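Data block below; observations after.
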Amino acid sequence: LSLTAIVFLERKCSVVALCNLLRYLAQKGPRFNFIKADCTVGTGSQGIDAADGTETIRFKSKNLTDAIANFRTGQTNVMISTRVLEEGIDIRSCNLIIKGNIPSTYSSYVQSRGRARMSPSLYIMLCPFTEMTAGQSKISAYRRIEKLLTDRLPSWKNIAPERTTMTMDITPDDVLPPYVVPTDMAVALIACQVLHERGELDDNLLPLTKDKVANLLELADEFEEYAANVPRKTGSSKKRRVYARCIAKALSEALPNPGQEFHIYLIEMDLVEPISEQSNPKKRKIINPKNTPYIFGLCTTKKFPPIPPFPVYQRQGKVIAKFKLYKEKMVLNADELEL
Numbered sequence: 169l170s171l172t173a174i175v176f177l178e179r180k181c182s183v184v185a186l187c188n189l190l191r192y193l194a195q196k197g198p199r200f201n202f203i204k205a206d207c208t209v210g211t212g213s214q215g216i217d218a219a220d221g222t223e224t225i226r227f228k229s230k231n232l233t234d235a236i237a238n239f240r241t242g243q244t245n246v247m248i249s250t251r252v253l254e255e256g257i258d259i260r261s262c263n264l265i266i267k268g269n270i271p272s273t274y275s276s277y278v279q280s281r282g283r284a285r286m287s288p289s290l291y292i293m294l295c296p297f298t299e300m301t302a303g304q305s306k307i308s309a310y311r312r313i314e315k316l317l318t319d320r321l322p323s324w325k326n327i328a329p330e331r332t333t334m335t336m337d338i339t340p341d342d343v344l345p346p347y348v349v350p351t352d353m354a355v356a357l358i359a360c361q362v363l364h365e366r367g368e369l370d371d372n373l374l375p376l377t378k379d380k381v382a383n384l385l386e387l388a389d390e391f392e393e394y395a396a397n398v399p400r401k402t403g404s405s406k407k408r409r410v411y412a413r414c415i416a417k418a419l420s421e422a423l424p425n426p427g428q429e430f431h432i433y434l435i436e437m438d439l440v441e442p443i444s445e446q447s448n449p450k451k452r453k454i455i456n457p458k459n460t461p462y463i464f465g466l467c468t469t470k471k472f473p474p475i476p477p478f479p480v481y482q483r484q485g486k487v488i489a490k491f492k493l494y495k496e497k498m499v500l501n502a503d504e505l506e507l
């Protein structure tokens, strides 16, 4: 019987550490080379803080969907995970489930145990020796709850002592009442009448196409500017809408003149989420603006109101920008402003 196992742990750093340990053992000799371990702690890669807070473990975790796909196809047979795999995700049947602690709730107990669907299978819960009494008490409570539910809920088995066979003549009227189809047709006819009155259907009860709508719009002068856009697909480069541009009051008529006081603001930018390799097929070099020796500045005679940092999505990824007051009440002459 081949091994198919899931290990549930509480801490993300423990998940990564155990996965690395199993991979190390699988490479060291034939005794453990049957182990093909993988792990997931969520939907993507992230930094995982160590338990003592002294260091940060960096682990490139696969996307949750990819990790489950590899586990389902048999490329991996041991999955170490947090509670993210306990419920709501369809995975292959397992013959070994190891819970790194006593489940804190009955729901967690049922969900994790339900992953052991193969026959035969094992469900193992680990517990410190000092917490053995409390753990056994919890498990006993969960079993009492399970027995109570199975006693109260109806069984799926037929427990009737005797069975009776009956033969019935099923006529078409019993399967589909005769008034259902005419009713649907009557409702459809009323719907067509309403759509025709509102101009959505033509005299042949056919829906108006985009070309017909465009021709109708071209007849009206007030809709002339929109008529050309009707046949175009929304979201394409040719589908454009014009909006009025507005300029903030803090930036309106704010250019400094010679001899006039003004303020200097720095525009600090930091690349926080670079694009992935899949989104960069041309392998363009990604540069963080924060690491360059240059920075954008802005001279204005008006002070800005408090502006929180805001994201800007550029070609290289997500950039956080913020304004920082560098110097205030500066005065320059005409020659200095020309520079």
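Just so we're aligned: 206 in the working numbering is position 38 of the sequence shown, and the numbers increase by one with no gaps anywhere.
Using N, Cα and C, we set each Cβ at its ideal position, and we do this for glycine too.
Quick caveat: nothing in here was measured; it's all calculated off a predicted structure.
Three-state secondary structure (DSSP) of residue i
i	result
Y411	coil
Q279	helix
C187	helix
E390	Unreliable positioning characterises E390 in this predicted model, as indicated by a pLDDT of 46, which lies under 50. The coordinate reading is nonetheless provided below. Note: E390 maps to helix in three-state DSSP.
V246	strand
T172	coil
M286	coil
L369	strand
V252	helix
K417	helix
G221	Here G221 scores only 42 on pLDDT, less than 50, and its place in the model should not be relied on; the value that follows carries that caveat. Here G221 sits in coil by DSSP.
L193	helix
T351	helix
P457	helix
K450	coil
Nearest to residue i (by Cα), restricted to the options the options
i	options	result
A235	E255, A205, N263, R251	A205
C207	K196, A194, A284, V184	V184
A194	V246, C467, R366, I488	V246
F491	L363, N188, N448, P477	P477
S249	I313, C181, N448, P474	C181
E436	A354, N501, V480	V480
T241	L232, L253, R260, R251	R260
I463	Q446, V487, L434	L434
P474	T318, L294, A418	A418
P297	I270, E506, N238	Reading off the sequence shown, one finds Phe at residue 297, where the question assumed Pro. Considering only alpha carbons, the answer is I270.
N425	P457, K470, R283	K470
M293	I455, S308, K267, Q428	K267
V440	N459, Q361, K497	N459
I488	N456, L505, L373	N456
D438	Q428, N188, I415, K486	K486
K495	L376, L466, T335	L466
Residue range of the unbroken alpha helix (DSSP H) whose run includes residue i
i	result
L232	232-241
I315	Looking at the sequence shown, residue 315 is not Ile but Lys. Here the alpha helix (DSSP H) through K315 covers 300-320.
A502	502-506
DSSP beta-bridge partners of residue i
i	result
T291	Note on identity: in this sequence residue 291 is Tyr, with Thr being the wrong assignment. Beta-bridge pairing links Y291 to I265.
P479	I488
K471	Partner(s): none; K471 has no beta bridge.
P375	L369
M498	F430
L357	DSSP output for L357 lists no bridge partner at all.
L493	Y433
Unbroken beta strand (DSSP E) run spanning residue i, endpoints
i	result
L439	430-442
L466	464-468
A205	205-208
Rounded distance between the beta-carbons of residue j and residue i, thought under 8 Å
i	j	result
T468	A412	Not a contact, Cβ separation roughly 23 Å.
L363	L369	5 Å
C262	S280	Going by Cβ atoms, the distance from C262 to S280 rounds to 10 Å, so no, they are not a contact pair.
Min CB distance residue i to chain B below 7 Å
i	result
G242	Among the chains in the structure shown there is no chain B, since it carries only a single protein chain.
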